[in-house]
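J.: To start, I am sharing the structure in question, which I have written as structure tokens.
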Amino acid sequence: MFNEFSQTDFNSIWPRLLAELGKLQASFINGEDILLPLCRILADVSQSQAVLIVPKDCLDFEDMPASSTCWCRDPVRYLTLWKEAKDWPFASQNSIVHRWQSFIVWPAKDVNIQIFFHSSSEHWLSFLIDSSDLLSDIIMGMLVQQTVDWQERAKSRVVQSIDSEMFQSIVSNSEDLILVANRPTFGVPSIMYANAAATSISHYPRTQLIGKPITLLFKEQKFRDDMSAGYRESELLEAISTRSEFDGELICTKADKDTALLHMHLVALEERSEQGSLVALVGRDITEQKQLQQMMARTQKMQAMGQLVGGIAHDFNNILGVLKGNLELMSLKNSEEKVSRYLATAFKACQRGTDLTRRLLQFSRQEQFSAHPCDVNDVIEGLEELLGKSLTTQIELLTEIKPNLGNVCVDRGDLEDALINLVLNAKDSMSGEGQITIRTDRTYLCGLLPGITGRPQVEPGEYITISVIDSGCGIASGILEKIFEPFFTTKDKSKGTGLGLSMVYGFVKRSKGYMSVIRSDLKGTEFRLWFPVAKERLSEEQLSDERGRMPRVAKKLKVLIVDDEVELLTVLTDYCELLGMEVEAYSDPVTVREKYKERLNGIELLITDVLMPGGINGYELAKELSSKAPLSVLLISGFIGDIGITNNEQMPYKVLHKPFELDELVEALEQLGIRFSPREI
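Numbered per numbering that gives the first Met the number 0, the sequence shown spans residues 0 to 680.
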């Protein structure tokens with residue numbers, strides 16, 4: 000056998016398959032049911048959506064025979080799979096391994112067994128053609144024996160008496176889980192009948208349901224995502240024992256140890272069997288419904304929190320704007336070194352307040368238009384201590400930072416969240432020990448995106464890269480294409496929502512960047528992010544050196560400033576007068592609307608807050624005034640609420656976020672096309 004194995008061209012499949020089949024052989028020797036595990040193994044190695052094992056002489060049955068075994072990745076597929084498979088036209092022929100419609104069909108050698116592989120990988124047909132005899136020798140002994148054992152057990156059951164014409168037409172095709180169980184005098188009720196939906200929902204084939212206690216499906220445990228079921232398994236057993244009414248939610252434990260929430264209804268049947276009275280349990284899967292309800296409740300809660308936090312942040316940013324503005328104006332007039340140190344300390348405190356506000360807005364996911372140039376190396380260095388505390392003592396965090404990379408234009412908070420997500424995912428893949436490396440670099444990207452998770456065409460240009468590399472167990476090739484999908488996760492439902500990587504992917508895409516897995520094997524995984532290099536801007540040292548040098552507008556310019564915060568309006572007025580502009584300032588947008596209803600009186604620039612009282616916001620005011628004459632517009636805000644615009648692409652005006660410094664105001668005005676003379680002392 001192993002001489003033959005060594006000569007095959009599928010050594011990448013065989014080692015794993017042999018290891019799994021060896022474990023299965025041990026289970027078989029111990030008397031365990033191996034039919035469903037075999038289906039799972041074959042589905043895994045063939046990357047099939049479903050695997051169906053069925054006796055050849057049962058292919059003319061109208062419904063899937065109880066003697067069949069099926070495993071589906073998608074429960075809905077189970078309900079239609081038999082209708083597709085039973086139309087196989089070669090039942091009376093000695094066919095070979097072949098492709099038929101969406102199936103690869105394997106008529107097992109010298110036995111009355113047919114195996115259907117639905118939507119398997121393109122290599123699986125070649126593998127079976129080459130290895131059919133060898134694989135048959137390994138598994139068919141186990142398969143045939145368990146099929147015979149099941150048939151012998153089936154003779155002593157009352158399946159046929161229960162599975163009557165009435166059930167064939169109504170029950171068998173129902174999308175609700177339907178079980179018939181006996182009601183013994185002592186002991187736990189046993190399942191006597193299970194319809195197709197029962198196998199679809201529970202992932203157990205009929206062979207593993209019929210004759211088993213109902214506690215196989217209904218165990219007292221906590222539902223995923225902390226949803227409560229309302230009733231316990233013991234209450235169901237009591238209702239069956241006393242033939243009393245039962246109508247409520249129960250947790251169903253699936254074959255893969257996952258859980259579903261079912262709304263169960265108990266019906267006492269009049270028929271009696273040798274093993275006692277019978278009861279029927281009808282259950283509807285309400286898992287998705289409950290999750291949607293919970294998601295809606297969370298969304299409403301987050302919206303309420305976002306509105307609250309946004310309002311607080313708006314006022315807080317105004318306060319910070321007044322503080323930073325006055326401190327900067329003082330620094331422009333100050334020449335004493337000691338006072339300059341005091342002012343610098345105060346500036347740092349204001350910046351801490353700014354960072355806190357941004358984090359509040361980031362938490363509530365309400366921050367808009369917040370992409371700014373930032374240094375990825377600074378972000379990583381700022382997170383290094385936090386990331387180190389998030390790891391175990393057996394996991395080493397390394398940073399390989401390439402200096403002088405330049406800036407990228409991203410939301411700093413989103414970038415921090417993305418790095419935290421990637422590092423925590425890396426930690427989870429390493430079983431508590433190993434090494435995580437964060438590496439930065441700069442590269443020219445063109446053509447197809449590197450990596451193994453799709454290769455889209457990229458926009459040519461210079462990119463700054465961030466790689467997160469772990470020494471974990473890697474990602475299975477069969478799920479690589481799904482890892483960025485929302486809610487997809489290989490973790491236990493109580494340990495992850497499946498949103499982490501999808502949120503990272505969404506952030507990277509919004510930032511005009513790219514994300515891919517460069518490699519993933521037994522030595523670990525490397526995720527890489529690419530961000531376009533941002534337009535260069537002055538460093539903090541240059542800004543500090545030039546503080547005190549004041550540019551002035553190159554030509555006469557009249558500016559209209561509108562902000563309901565009077566103290567901040569004063570700061571903005573002083574800023575613009577220092578820049579050489581003629582200023583008109585108002586704290587009431589309604590007054591501005593009335594005064595400039597007919598014409599703008601020579602105003603060329605509007606600087607306005609966004610959220611203001613009076614029934615008109617800054618965006619609406621800018622639209623009204625711009626319709627009268629050509630006008631440059633700069634919106635300033637710490638928080639842009641619901642003004643009918645959700646992203647930068649829809650916003651026609653430049654947005655400058657509060658609080659800001661004079662240099663940031665100058666830069667924003669330059670982007671509007673306003674020219675300044677060289678800075679002078």
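For every residue, glycine included, the Cβ atom is placed at its ideal position computed from N, Cα and C. From a predicted model like this one, the values you see are computed outputs, not experimental measurements.
(1) Alpha carbon to alpha carbon, what distance is there between K323 and P658?
(2) Beta carbon of T439, beta carbon of K401: below 9 Å?
(3) Applying the criterion that 16 or more other CB atoms from any shown protein chain within 10 Å of the CB defines a buried residue, is V321 buried or exposed?
(4) State the DSSP-derived secondary structure class of F346, mapped to helix, strand or coil.
(5) Rounded to whole angstroms, what's the CA-CA distance from K622 to Y574? Just pull it up for me.
(6) My output table needs one value for K627: the three-state DSSP class, helix, strand or coil.
(7) Determine, using beta-carbon pairs with one atom in the region 561-570 and one in the region 606-624, whether at least three such pairs fall under 8 Å.
(8) Determine whether the beta carbon atoms of L280 and L176 lie at a separation below 9 Å.
(9) So, are the CB atoms of V558 and V582 less than 9 Å apart?
(10) Distance cutoff 9 Å, beta carbons only. Does S173 sit that close to anything in chain D?
(11) Determine which residues share a DSSP beta bridge with S586 and list them.
(12) With a threshold of 6 Å on Cβ separation, who are the neighbours of G450 within its own chain once the five nearest residues in sequence on each side are excluded?
(13) Taking its Cβ as the centre, do 16 or more other Cβ atoms sit within 10 Å of I161, making it buried, or is it exposed?
(14) Mapping DSSP to helix, strand and coil, what is L668?
(15) Alpha carbon to alpha carbon, how far is H371 from L261? Give it in angstroms, no decimals.
(16) Going straight from the alpha carbon of A628 to that of A345, what length do you get?
(17) Which whole runs of the beta strand (DSSP E) in the region 182-219 are 3 residues long or more, in chain order?
(18) Under the rule that 16 or more other beta-carbon atoms within 10 Å means buried, what is Q92, buried or exposed?
(19) Could you give the C-beta distance for G431 and Q393, rounded to a whole number, given that I count them as a contact under 8 Å?
(20) Who are Y504's beta bridge partners in DSSP?
(21) Would you kindly report the start and end of the unbroken alpha helix (DSSP H) that includes T572?
(22) Label E660 either buried or exposed according to how many other C-beta atoms from any shown protein chain fall within 10 Å of its C-beta, with 16 as the threshold for buried.
(23) Under three-state DSSP, which class holds E248?
(24) For V467 and L418, what's the separation of their Cα atoms in angstroms?
(25) For D162, which of helix, strand or coil comes out of DSSP?
(26) May I have the straight-line CA-CA distance separating E666 from D410, to the nearest angstrom?
(27) Are the region 83-100 and the region 32-45 touching by the rule of at least three beta carbon pairs closer than 8 Å?
(28) What first and last residue would you give for the beta strand (DSSP E) that runs through I114?
(29) Going straight from the alpha carbon of S276 to that of R182, what length do you get?
(30) Only counting runs of 4 or more residues, tell me where the alpha helix (DSSP H) segments fall wholly within the region 432-481, in order along the chain.
(31) Just how far apart, CA to CA, sit G381 and T398?
(32) Who are the Cβ neighbours of L556 in its own chain at under 8 Å, not counting the five residues just before and after it?
(33) Excluding the 5 residues preceding and the 5 following L80 in the sequence, name in chain order all residues of the same chain whose CB lies nearer than 7 Å to its CB.
(34) What did DSSP end up calling G405 once you bin it into helix, strand or coil?
(35) Under 8 Å by Cβ, that's how I've got V591 and L620 pegged, so tell me the actual separation to the nearest angstrom.
(36) Roughly how many whole angstroms lie between the Cα atoms of E107 and F27?
T.: On the basis of the coordinates in this document:
(1) 7 Å
(2) yes
(3) buried
(4) helix
(5) 24 Å
(6) coil
(7) yes
(8) yes
(9) yes
(10) Of the protein chains in this structure there is only one, and it is not chain D.
(11) In the DSSP output, where bridge partners are listed per residue, S586 has none listed.
(12) S515, V516, I517
(13) Bear in mind that a pLDDT of 49 at I161, under 50, signals an unreliable position, so the number given afterwards is only what the model happens to contain. By the 10 Å Cβ count, I161 comes out buried.
(14) helix
(15) 48 Å
(16) 42 Å
(17) 190-193
(18) exposed
(19) 6 Å
(20) Paired residue(s): none; Y504 is not in a bridge.
(21) 565-577
(22) buried
(23) strand
(24) 8 Å
(25) The predicted model places D162 with a pLDDT of 48, which falls under 50 and marks its position as unreliable; any figure quoted below should be read in that light. In the structure shown, D162 sits in coil (DSSP, three-state: anything other than H, G, I, E or B).
(26) 18 Å
(27) no
(28) 112-117
(29) 5 Å
(30) none
(31) 12 Å
(32) G579, M580, E581, E603, L604, I673
(33) A49, L51, C69, C71, H117
(34) coil
(35) 7 Å
(36) For clarity, residue 107 is Ala in the given sequence; the question names Glu instead. Between A107 and F27, the C-alpha separation is close to 19 Å.
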